[in-house]
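Asker: By the count of our numbering, the first sequence reaches residue 840 at its end, each step adding exactly one. Have a look at this one before I ask anything.
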Amino acid sequence: MKIATWNVNSIRARLSHVCDWLQSKQPDVLLLQELKCQTEAFPYEAIEDAGYQVAAFGQKTYNGVAILAKGGIEDVSCGNLYFEDSQARVIEAIVDGQYRVISVYVPNGEAVGSEKYTYKLAFMEGFAKLLEDRLRFDEKLIIGGDFNVAPMDLDVYNPQTWKGRVLCSTPERLALRSLINLGLTDVLRAKNPQVEGLYTWWDYRSGGYAQNHGLRIDHLLLSAKAMESVLEVGVDSQTRGLERPSDHAPVWVSLG
DNA sequence: ATGACGTGAGTATCACGA
Numbered sequence: 585m586k587i588a589t590w591n592v593n594s595i596r597a598r599l600s601h602v603c604d605w606l607q608s609k610q611p612d613v614l615l616l617q618e619l620k621c622q623t624e625a626f627p628y629e630a631i632e633d634a635g636y637q638v639a640a641f642g643q644k645t646y647n648g649v650a651i652l653a654k655g656g657i658e659d660v661s662c663g664n665l666y667f668e669d670s671q672a673r674v675i676e677a678i679v680d681g682q683y684r685v686i687s688v689y690v691p692n693g694e695a696v697g698s699e700k701y702t703y704k705l706a707f708m709e710g711f712a713k714l715l716e717d718r719l720r721f722d723e724k725l726i727i728g729g730d731f732n733v734a735p736m737d738l739d740v741y742n743p744q745t746w747k748g749r750v751l752c753s754t755p756e757r758l759a760l761r762s763l764i765n766l767g768l769t770d771v772l773r774a775k776n777p778q779v780e781g782l783y784t785w786w787d788y789r790s791g792g793y794a795q796n797h798g799l800r801i802d803h804l805l806l807s808a809k810a811m812e813s814v815l816e817v818g819v820d821s822q823t824r825g826l827e828r829p830s831d832h833a834p835v836w837v838s839l840g
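Listed below in structure tokens is the structure:
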């Protein structure tokens, strides 16, 4: 069972990359963020032709999340019952009858102290309530998404430059820590403690990828029951080197 | 200090991303 998360920065602009990647990597589940299209404009046919069922939750121009799965997708739920939000940032479902998966696109936050930053922290608090509910039972729960938070300085190419700034500020890191402390594991870091230069996003500007000037802001958080069967975890950073790439790379985990 | 680059909407230029 291989589950991945990928902020594609427009599913329609990235459709060929996504189809190529599904074809070559054959994940069982792919959690998408930043569809940048309305639900009905999702390219269902191309993804279904690639062998995947789709549950999408979109909106015009911005945001949008989806779950792609080879097996059955059941009990789809869009949004967060515990957080009033007009933006399409959360979708969850049961896949293969035994894994609860959630795709989340946490707000960017713009700048520390801004309205969008306040919204980001409120969103994370509301998301924690959802996770608290979903962790009531000892189930295989996998949350994948763009959290827009680099958990530690180790996750940042130049911590001094980023110190205290949005994506790296202490309140954001504490909010992410609170989510994880509900009973989850940041599986990529857990399997790669102390590894430097492990990033999932590189700025389009200033040749960020060529110099590996990145941040680790996309995460896979697993419940204890899901952690029991982890085999491998990684980042497919080569996708960032393609022509017209997303600025984020897929993060994946395989379970036995 | 600012902007770099990319996408969608709409057809010039802005909102937004991180």
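A virtual CB, placed ideally from N, CA and C, is assigned to each residue, including glycine. Predicted, not measured: the structure shown is a model, and the values here were computed from it.
Across the region 707-725 and the region 652-670, are there enough close Cβ pairs to call them in contact, namely three or more that are closer than 8 Å?
Answerer: They touch, by the three-pair rule.
Asker: So Gln808 and Gly767 are supposed to be a Cβ contact under 8 Å. How far apart are they, rounded?
Answerer: Sequence check: residue 808 is Ala here, not Gln. Ala808 to Gly767, Cβ: 6 Å. Contact.
Asker: Are the Cβ atoms of Ser687 and Ala650 separated by less than 9 Å?
Answerer: Yes; because the gap between Cβ atoms is below 9 Å, this pair is in contact.
Asker: Mapping DSSP to helix, strand and coil, what is Ser670?
Answerer: If DSSP states are grouped into helix, strand and coil, Ser670 belongs with coil.
Asker: Shortest alpha-carbon distance to Leu804 belongs to which of Ala794, Ala639 and Leu839?
Answerer: Ranking the options by Cα distance to Leu804, first place goes to Leu839.
Asker: Taking C-beta to C-beta, are Asn776 and Val814 nearer than 9 Å?
Answerer: No, these two residues do not count as a Cβ contact at 9 Å.
Asker: Looking only at its own chain, which residues have a Cβ that is under 7 Å from the Cβ of Gln795, when we skip the five neighbours before and after it?
Answerer: So no residue of the chain qualifies.
Asker: For Leu806 and Gln682, what's the separation of their Cα atoms in angstroms?
Answerer: Rounded to the nearest angstrom, the two C-alpha atoms are 14 Å apart.
Asker: Around the Cβ of Leu652, are there at least 16 other Cβ atoms within 10 angstroms (buried) or fewer (exposed)?
Answerer: Buried, because 16 or more other Cβ atoms sit within 10 Å of the Cβ of Leu652.
Asker: Counting C-beta neighbours from all protein chains within 10 Å, is the total for Lys724 16 or more, i.e. buried, or is it exposed?
Answerer: The residue is buried, with at least 16 neighbouring Cβ atoms inside 10 Å.
Asker: In whole angstroms, give me the CA-to-CA distance for Gly635 and Lys654.
Answerer: Spanning the two alpha carbons is a distance of roughly 6 Å.
Asker: Taking a contact to mean a Cβ-Cβ separation below 9 Å, would you say Asn692 touches Val750 in this structure?
Answerer: Yes; because the gap between Cβ atoms is below 9 Å, this pair is in contact.
Asker: Could you name the residues of the same chain whose beta carbon sits closer than 8 Å to that of Lys700, not counting the 5 residues immediately before and after it, in chain order?
Answerer: Hits under 8 Å: Pro691, Asn692, Gly693 and Glu694.
Asker: Determine, using beta carbons only, whether Glu602 and Ile631 come nearer to each other than 9 Å.
Answerer: The question names Glu, but residue 602 is Val in the sequence shown. Going by C-beta atoms, Val602 is nearer than 9 Å to Ile631.
Asker: Identify the residues that DSSP records as bridge partners of Cys662: which are they?
Answerer: Ile675.
Asker: Rounded to whole angstroms, what's the CA-CA distance from Gly648 to Glu624? Just pull it up for me.
Answerer: Rounded to whole angstroms, Gly648 to Glu624 spans 12 Å at the Cα level.
Asker: Kindly indicate which residue of Gln643, Ser661, Asp659 and Arg773 has the alpha-carbon position closest to the one of Ala734.
Answerer: Of the candidates Gln643, Ser661, Asp659 and Arg773, the one whose C-alpha sits nearest the C-alpha of Ala734 is Arg773.
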